[in-house]
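Residue numbers (the numbering used here): 69 to 331.
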């Protein structure tokens, strides 16, 4: 898993810094909600887990630290904050699931899904791979530890079933993330083309002559005299010229011509 975490640290998440900070703040809020539900579920259960209070206290301290880190972290440090919170959140999910004596393949595996969504929101498909790897490692270690302590045989079928469920969820989340990213890129390309400046307008010889004399500060009468045409012709040519270079007056026409390299 070291290569994957290293890759995530090198490559920034596929969201803007502003979106990344907003997602971290949203995670803080959702974490408080999850803690409230976990505490309520523990209090209402016939036999509350012995370590539930310590687990909730640790989660409260952790969430407070994340709140401060999200507010003070620089833009360059935010990807690291996102990676650390993603991994710790998934480990917390495992400990909460373990406190409620969840067996592999149980419906309580759904408690791990929010952590997977968080990872995909930050890192896309790589986040799905990371969360799936953490789940597989955690469930194998947990089952092996229970078997070694004599609390039952290693539930290979349960491990396989729960892992397949998590892999399916991760694949779906990764696919949705990739579709959204690619569709956003496809929509951005035409928009960029539409916003890109058009090439220089093609001017006739007369329009070029009129533009050159306008740049010299000549009036319509002087331009007509020097080109041997009527002032009405000069006026009509100048109006078409202003339209082509998208200018409202002579000064803007000259500025546009310089910008387009026509002068």
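Glycine included, C-beta positions come from ideal geometry on N, C-alpha and C.
- The closest CA to that of residue 180, considering only 154, 193 and 190, is found on 154.
- Here the region 81-96 makes contact with the region 135-151; the two share three or more CB pairs at distances below 8 Å.
- Residue 143 sits in coil when the DSSP states are folded into three classes, being neither helix nor strand.
- The three-state reading of DSSP puts residue 292 in helix, counting H, G and I together.
- Each of 182, 277 and 145 was checked against the Cα of residue 296, and the nearest Cα belongs to 277.
- In the structure shown, residue 303 adopts helical secondary structure according to DSSP, grouped into three states.
- In the DSSP assignment, residue 182 falls within the alpha helix (DSSP H) that extends over 181-191.
- One thing to note: residue 185 has its Cβ no nearer than 8 Å to the Cβ of residue 248.
- Across the set 124, 98, 329 and 319, the C-alpha of 124 shows the shortest separation from the C-alpha of residue 163.
- The residue from 121, 210, 206 and 191 with its alpha-carbon nearest to that of residue 243 is 191.
- Contact annotation: residue 288 and residue 302 have beta-carbon atoms nearer than 8 Å.
- Secondary structure at residue 246: helix, using DSSP grouped into helix, strand and coil.
- Per DSSP, the continuous alpha helix (DSSP H) segment holding residue 276 begins and ends at 273-283.
- In this structure, the straight-line span from the alpha carbon of residue 324 to that of residue 314 is close to 8 Å.
- If you draw a straight line from the Cα of residue 199 to the Cα of residue 156, it comes to about 11 Å.
- Scanning its chain for C-beta atoms nearer than 7 Å, with the 5 sequence neighbours on each side dropped, one finds around residue 214 the residues 220, in chain order.
- Residue environment: residue 211 is assigned as buried (16 or more neighbouring CB atoms within 10 Å of its CB, all protein chains considered).
- According to the DSSP assignment, residue 319 belongs to the alpha helix (DSSP H) that extends over 318-328.
- Taking a C-beta distance under 8 Å as the contact criterion, residue 230 and residue 177 qualify as a contact pair.
- CA-to-CA, the gap between residue 329 and residue 87 works out to about 40 Å.
- Residues of the same chain with a CB within less than 8 Å of the CB of residue 239, apart from the 5 flanking positions on each side, are 196 in chain order.
- Here residue 305 is buried: its Cβ has 16 or more other Cβ atoms, across all protein chains shown, within 10 Å.
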